[in-house]
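When the letters of the sequence shown are read in order and numbered with the numbering used here, they come out as residues 919 to 1062.
Positions of the beta carbon are idealized from the N, C-alpha and C atoms, including for glycine.
It should be emphasised that the depicted structure is a prediction, and the values quoted were computed from it without experimental measurement.
Written out below as structure tokens is the structure these notes cover.
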Amino acid sequence: MGSVKQVQVTFDCAEPERVARFWCEVLGYVVPPPPDGFATWDDFHLSLPPEERGTSFVCSDPTGVGPRLYFQRVPEGKVVKNRVHLDVRAGTGLVGEERLATLEAECTRLLALGAVRVRLLEADDENESCIVMQDIEGNEFCLD
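Here it is as structure tokens:
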């Protein structure tokens, strides 16, 4: 029985590079260097046949701890709620007003990047507060 060494999260989207760069800003991720022999990603993409240009993009955690994010172009648009989503853990360990203030500050930063605030889910007997948001192509995520 093998063991999993790494996890990659894949996003279906219309504009892979745009969405990848958004998530780089959200998470502090980076775009890896272009393949050997290419000075830039643009140079690499221009070397591809026209139908393959811009079909995917990648970003990764510079510390190597978080999962690699892969963005692939798909022909159909998003029409229903995600079955899987990311939780952006900005308020870990915080509770009450301190947690809400931290989440609201991070929400403001993400709104400036193009994210959309959907709703605040207030704390209850089981869960702390979180803010449901959408990325620049409408993929839901929780600011937690």
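Those residues which DSSP pairs with residue i across a bridge
i	result
Phe975	Phe989
Gln926	Arg986
Glu1058	Gln1052
Val949	The partner list for Val949 (beta bridge, DSSP) is empty, contrary to what the question assumes.
Cys942	None; Cys942 has no bridge partner.
Cys1025	Answer by DSSP bridge pairing: none, since Cys1025 is not bridged.
Val1034	Gln1052
Coarse secondary structure for residue i, derived from DSSP in three states
i	result
Val1050	strand
Phe956	coil
Val997	coil
Arg1007	coil
Leu1039	strand
Val1002	coil
Val1013	coil
Whether residue i touches residue j by CB criterion (9 Å)
i	j	result
Gly1009	Thr1020	yes
Ile1049	Leu1031	no
Asp930	Val992	yes
Ala938	Glu1055	no
Leu987	Leu945	yes
Pro950	Val976	yes
Pro980	Tyr947	yes
Buried/exposed call for residue i, threshold 16 Cβ in 10 Å
i	result
Ser921	exposed
Leu1018	buried
Glu935	buried
Ser1047	buried
Glu1040	exposed
Ala1033	buried
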